[in-house]
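**Student:** Protein chains in written order, with the working numbering: chain B, 104 to 215; chain X, 95 to 207.
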């Protein structure tokens, strides 16, 4: 089955800096890669996603890049703000199934 | 608000007991997924139902079972509870097999004492 590795497990940045979280996946048939943000005690919320026919997608301060050859994808947050502090999860979906395999999460702390 | 609802919000019970968690998907969504999230753990996929039928199984224990009813709401049954079953249980829904985006409910926090 699919295996998703996520790094780093924790990330501390100063407000205004950029943050990058990286994920690798094992199944080359995976074709959909969402990113979820989870605040403490809350539900995971989709913040951005990318499909395998696209190399990069941007939404305001958030961008995701995908390298299918290397089987890795990354989340980039620019001009970080304290409200960006949360746990971020990457996931991969195999084309043959509708289930998602999640990474273990990255705790992002943005200090004022 | 994702449109996915879960009840109860919190549940405290004792070892050996049985509980039922309930999930109502977004209006029109046919697929329901159940996840377990323990401390320091990511989201562990348990099971998926699509339009009343079991579709995929993940790391679900034999003590756990689920079903999806004709009105598309789903229930997750946890029996012979152990301390290690204490976790946040999320359900998520999506429109169908071809639609990838999953929307999560607020979760049920289960504490087994």
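Beta carbons: idealized from backbone N, C-alpha and C, even for Gly. Quantities reported herein were computed from a predicted structural model and do not represent experimental measurements.
Using three-state DSSP, classify residue 130(B) as helix, strand or coil.
**Tutor:** Coil at residue 130(B), not helix or strand.
**Student:** Closer than 9 Å by beta-carbon distance: list the chain X residues that pair up with residue 135(B), in chain order.
**Tutor:** Those are 194 and 195, listed as they occur along chain X.
**Student:** According to DSSP, is residue 177(X) helix, strand or coil?
**Tutor:** In the structure shown, residue 177(X) sits in a helix (DSSP, three-state: H, G or I).
**Student:** Would you report the Cα separation of residue 143(B) and residue 130(B), rounded to the nearest angstrom?
**Tutor:** Roughly 30 Å between the two C-alpha positions.
**Student:** For chain B, is any of its Cβ atoms less than 7 Å away from the one on residue 150(X)?
**Tutor:** Yes - at least one Cβ of chain B is within 7 Å of the one on residue 150(X).
**Student:** Taking buried to mean at least 16 other C-beta atoms within 10 Å of its own C-beta, is residue 205(X) buried or exposed?
**Tutor:** With fewer than 16 Cβ atoms within 10 Å of its Cβ, residue 205(X) is classed as exposed.
**Student:** Could you give the distance in angstroms between the alpha-carbon of residue 107(B) and the alpha-carbon of residue 204(B)?
**Tutor:** Cα-Cα distance, rounded: 7 Å.
**Student:** Closer than 8 Å by C-beta to residue 107(X): which residues in its own chain qualify, once you throw out the five before and the five after it? Chain order, please.
**Tutor:** Excluding sequence neighbours, residue 107(X) sits near 113, 175, 204, 205, 206 and 207.
**Student:** So is the beta-carbon of residue 194(X) under 6 Å away from any non-hydrogen atom of the ligand SAH?
**Tutor:** For the ligand SAH, the structure offers nothing, since it holds no ligand at all.
**Student:** State the CB to CB distance for the pair residue 100(X) and residue 117(X), rounded to an integer number of angstroms; the pair is presumed to be in contact (CB under 8 Å).
**Tutor:** About 5 Å; that satisfies the 8 Å criterion.
**Student:** Can you pull the chain B neighbours of residue 184(X), defined as C-beta to C-beta under 8 Å?
**Tutor:** Within 8 Å Cβ-Cβ: 146 and 147.
**Student:** Would residue 181(B) count as contacting chain X if we go by Cβ distances under 7 Å?
**Tutor:** Answer no: the Cβ-Cβ gap between residue 181(B) and chain X never drops below 7 Å.
**Student:** Let's test the definition: count the other Cβ atoms within 10 Å of the Cβ of residue 208(X) and tell me whether it reaches 16, buried, or not, exposed.
**Tutor:** Since the first residue shown for chain X is 95 and the last is 207, residue 208(X) is missing from the structure and cannot be characterised.
**Student:** Can you have a look at residue 220(X) and say buried or exposed, based on whether 16 or more other CB atoms are within 10 angstroms of its CB?
**Tutor:** As shown, chain X starts at 95 and ends at 207. That puts residue 220(X) outside it, with no answer to give.
**Student:** Pick out the complete beta strand (DSSP E) segments inside the segment 126-212 of chain B, 3 residues or longer, and give them in chain order.
**Tutor:** If we require 3 residues or more, the beta strand (DSSP E) runs fully inside the segment 126-212 of chain B come out as 133-141, 148-154, 159-162, 165-170, 175-180, 189-197 and 203-205.
**Student:** Mind reading off the beta-carbon distance from residue 184(X) to residue 129(X)? Whole number of angstroms is fine, and I expect it under 8 Å.
**Tutor:** Right, the Cβ-Cβ distance comes to about 5 Å (below 8 Å), so this counts as a contact.
**Student:** How would you label residue 109(X), buried or exposed, when you count the other beta carbons within 10 angstroms and need 16 or more for buried?
**Tutor:** By the 10 Å Cβ count, residue 109(X) comes out exposed.
**Student:** What residues of chain B sit near residue 143(X), judged by a beta carbon separation below 8 Å?
**Tutor:** Result: empty, since nearest Cβ-Cβ is about 11 Å, beyond 8 Å.
**Student:** Taking residue 81(B) as part of the beta strand (DSSP E), name the residues at either end of that continuous run.
**Tutor:** Nothing can be reported for residue 81(B): it is not among the residues displayed for chain B, which extend from 104 to 215.
**Student:** How should residue 136(X) be labelled, buried or exposed, when 16 other C-beta atoms within 10 angstroms of its C-beta is the threshold for buried?
**Tutor:** Buried, because 16 or more other Cβ atoms sit within 10 Å of the Cβ of residue 136(X).
**Student:** Using CA atoms only, rank isn't needed, just tell me which of 118(B), 165(B), 137(B) and 162(B) is closest to residue 197(X).
**Tutor:** Checked all of 118(B), 165(B), 137(B) and 162(B); the closest Cα to residue 197(X) is 137(B).
**Student:** So which residues of chain B does residue 139(X) contact, with C-beta pairs closer than 8 Å?
**Tutor:** Within 8 Å Cβ-Cβ: 202, 203, 204 and 205.
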